[in-house]
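Residue numbers (the numbering used here), protein chains in the order written: chain A, 1 to 281; chain B, 282 to 562.
Glycine included, each C-beta is placed from N, C-alpha and C at the ideal position.
Every value quoted in this text rests on a predicted model; they were computed, and no experiment measured them.
Single-structure report; data block below.
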């Protein structure tokens, strides 16, 4: 059993909000993550898990304090698992120009193949394998799981669910990067992490992945129409076209007036928790 | 009509979260505040206001992004008014040792009488007079109002409601400083802002003010019992004793396991909004 260290434990909606750190084998560094355990969770009553993947620059804390998700996790008896967005630390490489969209805080949920990134930037394996194993071994959480995310984390959630359709019961996203192969953020990250290999890029692009999907994961996407990143980086229309081409079922809702912030997440978080709760029972 | 400048306007629960700045006459500096206008608010349908006073170190933003209050303000049709906790800026004096509990970020909702603080630190008049006038002149908000706050802001809310019992329909507090005359935070602030005059201090101490209250304001206080500041700074037991002595009615709830953080506020914010909504109709 791998060691995890509890950094803090705070009561919230009669459950526990706990921050942990541990030495990650796949990322070769100390990783921090947060978990919300609803009041229903106990060794005798393990609860299902809903993983939230955050966007650029975020740590495990942004969603923890800004999204208002724990209220509904407590209501539905679901554990929230909130990983960091990348490996971190002085021994971990970072963007030389401090670009917020690449390097630390911007792991893009891929397994890097290129030096120097490949030693630490393996967030795909971290989220899909290492973290769930750790959670299920150490906490009153069972192996029933769903996943969601915001922006870069919305991309991560869609990619991970599409590639692991038998593992995740449902997937949802707020304002996801849907077609990173075709977006400036995605192109810089993929070129550096994955090299100039289109086949590798396609493994991490939702618009590509729906083409080869053999099993459909229940899917919900919410997008604000006053989102400054919508046209250039998020490209929801590309994803709509891709899912229409292959008849991949996805509930996509576009909301006038909402921007890219946590205020948008807050406004619709109740419905995302209710969506996942249906499939996690 | 005083000029207020809109810094941002974001959609949230179908209403608007707006940040403003303006030149404050009573504080002699630029002040920032945030307002949440629920979807019901319009010039033809002005809504009542609930003022939230924040705690030490906070700006108008902490409660805005962490408390989860807008969901219920939207539900009840109440505007939230979120002022800063003090005057700010390079021309405003600050604690020389950067004490988080005094100076900028720590106005304690008093009118300072001592130099150099008295030029800017007049948060009592700011919250009671200048800000409501500005709000009611410029926004679709009527003059029906209640007030609540956290920690130092819980002290501010109780003091302001007790001294203006005909102005505020109801008051509530999370983890308030109830007896600042007797607490280290309060003593440092009052000595510097008000000088060594007990009579001045008593005007800003809830335990003193209940003694001379002639009209009762409906009052709710929530306190976590794992709050690190409870014994030395908050001293709820002194307030319980004071209200019992004079039969001042107050609903006081003590909650095992909760600390001083916004997670505590989040866990009970729905009930505070419902409490005030009853009196703001």
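- Looking from the CA of residue 226(A), the closest CA among 184(A), 143(A), 260(A) belongs to 260(A).
- Taking the CA atoms as reference points, residue 49(A) sits about 15 Å from residue 164(A).
- Per DSSP, the unbroken beta strand (DSSP E) holding residue 169(A) starts and ends at 168–174.
- Taking 9 Å as the CB threshold, residue 35(A) stays off the interface with chain B.
- Think of a sphere of 8 Å around the beta carbon of residue 105(A): no beta carbon from chain B falls inside it, the nearest being about 19 Å out.
- Taking the beta carbon of residue 12(A) as reference, the chain B residues within 7 Å of it are 544, 547, 548, listed in sequence order.
- Sequence-distant partners of residue 217(A) (beyond 5 residues in either direction) whose C-beta falls short of 8 Å from its own C-beta, in its chain, are 161, 162, 165, 168, 169, 170, 171.
- Nearest in C-alpha terms to residue 34(A), of all of 58(A), 219(A), 211(A), is 58(A).
- In this structure, the beta-carbon distance from residue 398(B) to residue 374(B) falls below 9 Å.
- Across the region 518–544 of chain B, CB contacts with chain A closer than 7 Å involve 538, 539, 540, 542, 543, 544, in sequence order along the chain.
- At a cut-off of 9 Å between beta carbons, residue 509(B) makes no contact with chain A.
- Looking at the DSSP output, residue 111(A) shares a beta bridge with 122(A).
- For the pair residue 358(B) and residue 322(B), the CB atoms are nearer than the 9 Å cut-off.
- Residue 468(B) counts as exposed, since fewer than 16 other C-beta atoms from the protein chains shown sit within 10 angstroms of its C-beta.
- Scanning chain A for C-beta atoms nearer than 8 Å to the C-beta of residue 349(B) yields 68, 71, 266, reported in chain order.
- For residue 298(B), at least one C-beta of chain A is nearer than 9 Å to its own C-beta.
- In the DSSP assignment, residue 22(A) falls outside any alpha helix (DSSP H) and within the unbroken beta strand (DSSP E) covering 15–24.
- With a beta-carbon spacing of about 18 Å, residue 196(A) and residue 179(A) fall beyond the 8 Å limit used to define contacts.
- With its beta carbon less than 9 Å from one in chain A, residue 505(B) belongs to the interface.
- Beta bridge pairing from DSSP links residue 85(A) with no other residue.
- In the three-state reduction of the DSSP assignment, residue 387(B) falls in the strand class.
- Counting the other CB atoms within 10 Å of its CB gives residue 341(B) a total of 16 or more, which places it among the buried residues.
- Residue-level contact by beta carbon holds for residue 346(B) and chain A, with a gap shorter than 9 Å.
- Per the DSSP secondary-structure output, residue 79(A) pairs in a beta bridge with 49(A).
- With respect to residue 470(B), residue 555(B) sits apart: the two C-beta atoms are not nearer than 9 Å.
- Here residue 286(B) is bridged, per DSSP, to 302(B).
- With contact defined as three or more Cβ pairs closer than 8 Å, the region 545–552 of chain B and the region 8–27 of chain A are in contact.
- For residue 471(B), no beta strand (DSSP E) run applies; the uninterrupted alpha helix (DSSP H) run containing it begins and ends at 465–475, by DSSP.
- A residue is called buried once 16 or more other Cβ atoms fall within 10 Å of its Cβ, and residue 343(B) is buried on that count.
- Annotation for residue 524(B): the continuous alpha helix (DSSP H) segment containing it runs 517–527.
- Short of 7 Å from the beta carbon of residue 38(A), and not among the five residues preceding or following it, lie these beta carbons of its own chain, in chain order: 15, 47, 73, 74, 77, 78, 79.
- The residue among 278(A), 240(A), 238(A), 156(A) with its C-alpha nearest the C-alpha of residue 55(A) is 156(A).
- In its chain, beyond the 5 residues on either side, 208 have a beta carbon closer than 6 Å to the beta carbon of residue 202(A).
- The Cβ-Cβ distance between residue 307(B) and residue 390(B) does not fall below 9 Å.
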